[in-house]
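Residue numbers (the numbering used here): 1 to 385.
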Amino acid sequence: MINMYSTWLLYFTLSYLMFYLIKKAKYNHNVISFTGIKEKNIISIEIVILFGILLFFAANRTISEGIGGTDAQAYLDILDSNTGTIGDYFREIQRRGILDVEEPLFKIMNIIFNKLGVSHKTYIYILYGLIIGFELYSVDYLYKEDEAKYFLSLLIYFYLVSFNIIRTSLSVSICMLAFVSICKKRWKKSFVIILCASMIHYMALAFFGVWLVCFLADKKPGWFKRKKLLLIAAVANIGSFVARKLLFAVIMQTKYSFYADYFLQDISIWGYLPGILICFFAVWMIKYVDKQDTRKYFVIVSLWVNLSLMYIIIGMLAWRINDYFFVFRVYALSLFNTYIERLHYKSNTSIYKLLLFLFFLALMAQVVMGLTESSGIVPYKLDIG
């Protein structure tokens, strides 16, 4: 029981630090400059401190069967099992096909680490250095104004979920890096980055939908009117619902009925209602956004993609598509206070902010309740040996 209490204390402390340090970074303007390939980049010192804290606890957790994350031990086993060569891998692709083997970039990375004799601890440090680094860099880019509200503490979800889905989390963080380039309208660079993420996890191919829609929103802004977007989202979800029912009816008459019963069974949207509301609100507010502010504009456009695919995403939950939109939803939440002011509810602003805070508490409770002992991340066990 002591371990359980200390685990909750740790996770809530990290959650608060995410809110506090990112928020503080927006006011102090203490930055570290570094030169990229074509430009000079800056990142807040507070973000660097947060990176170090999160990396320490992610990389120094005890990992064994059922402890430290549901699949963490499996990835250490994958590292140990990659004793072949890169040439062996490409011959396997020729024999079986690229979709029937491990994703190329992740496989090659593991082969190289195995050949170099990288230890488990170093391996975890490298993976989480990339995951946390890319994610915080992206978040630091998105939050340029006084938008760092208490919703930032919800980023603890992505951090803790990464303990269970390391490869997916790495792919998601790379896609967020691509989104920074999308916001800068660097279409070729962002395309290549998404392609790299797809070579880590094929599900990142879905992020090309975000790339395409943002590209069209930039080139054809007249297509992205609020009523039109909401109508398309409604039709897309109704169409997905009908198609799912028809597909279920057809497949149930074949020898593949077992798979239909498993993959196409009825699903409930109630657990995803907060996400639906966030996406709907974001699209509703698109008319208030300056299209020159590509951070806000492209986030809302991306959440329209999320809203349009909501029924499909819920039905394919095991494929983790929903995780690729999580940071967008957190960012949209942080803008609610700003938009409440713009909606001219000045006489009742405090009421709306209270309701917003209660909504935040409900979301945080949902995150906490999802941290079950079976996930392997409760209780947390430190390993600094």
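Ideal Cβ placement from N, Cα and C applies to all residues, glycine included.
Helix, strand or coil: how does DSSP classify residue i here?
i, result
"Ser-6", "helix"
"Ser-81", "helix"
"Ser-119", "coil"
"Ile-98", "helix"
"Arg-91", "helix"
"Val-235", "helix"
"Asp-290", "coil"
"Tyr-259", "Its pLDDT being 49, under 50, Tyr-259 is placed unreliably in this model, and the coordinates cannot settle the point."
"Met-18", "helix"
"Ala-362", "helix"
"Leu-264", "Confidence at Leu-264 is low in this model, with a pLDDT of 49, below 50, so its placement is unreliable and the value that follows should be read with caution. It is coil, neither helix nor strand."
Residues bridged to residue i by DSSP?
i, result
"Arg-295", "Paired residues: none, contrary to the question."
"Ser-64", "Ile-67"
"Leu-382", "Arg-61"
"Ser-308", "In DSSP, Ser-308 forms no bridge with anything."
For residue i, verify whether its CB is less than 7 Å away from any heavy atom of the ligand GDP.
i, result
"Trp-187", "This structure does not include the ligand GDP; it has no bound ligands of any sort."
Where do the ends of the alpha helix (DSSP H) carrying residue i lie?
i, result
"Ile-334", "It is Ser, not Ile, that sits at residue 334 in the sequence shown. 326–334 is the extent of the alpha helix (DSSP H) around Ser-334."
"Pro-221", "Pro-221 -> no alpha helix (DSSP H), and no H or E assigned at all."
"Gly-376", "No alpha helix (DSSP H) contains Gly-376, which DSSP labels as neither H nor E."
"Val-283", "273–284"
Quick check: is the beta carbon of residue i nearer than 8 Å to any beta carbon in chain D?
i, result
"Ile-200", "Included in the structure is just one protein chain, with no chain D present."
Exercise. Run through the segment 132–210 for me and flag every whole alpha helix (DSSP H) of 4 or more residues, listed as ranges in chain order.
Key: 156–161, 166–183 and 187–198
Quiz item: Three or more C-beta pairs closer than 8 Å, one from the segment 91–103 and one from the segment 117–137: is that the case here?
Solution: Too few Cβ pairs lie closer than 8 Å, so no.
Self-check item: Cβ pair count under 8 Å reaching 3, the segment 227–240 against the segment 326–336
Solution: no
Quiz item: Should the segment 152–172 be regarded as contacting the segment 52–65, the criterion being three or more beta carbon pairs within less than 8 Å?
Solution: yes
Exercise. Count the CB pairs spanning the segment 134–146 and the segment 11–28 that are closer than 8 Å, and state whether there are at least three.
Key: yes
Quiz item: Taking contact to mean at least 3 C-beta pairs separated by less than 8 Å, is the segment 193–204 in contact with the segment 217–225?
Solution: As far as the Cβ criterion goes, the segment 193–204 does not touch the segment 217–225, which means the pair count is below three.
Quiz prompt | Segment contact flag, the segment 42–55 with the segment 109–120, C-beta cutoff 8 Å, min 3 pairs | solution = Between the segment 42–55 and the segment 109–120 there are fewer than three inter-stretch CB-CB distances shorter than 8 Å, so the stretches are not counted as touching.
Quiz item: Taking contact to mean at least 3 C-beta pairs separated by less than 8 Å, is the segment 198–216 in contact with the segment 279–290?
Solution: no
Practice problem: Answer yes if the segment 293–301 comes into contact with the segment 180–188, meaning at least three C-beta pairs across the two stretches below 8 Å, and no otherwise. | Solution: For the pair of segments examined, the segment 180–188 was found to touch the segment 293–301: the number of CB pairs separated by less than 8 Å reaches three.
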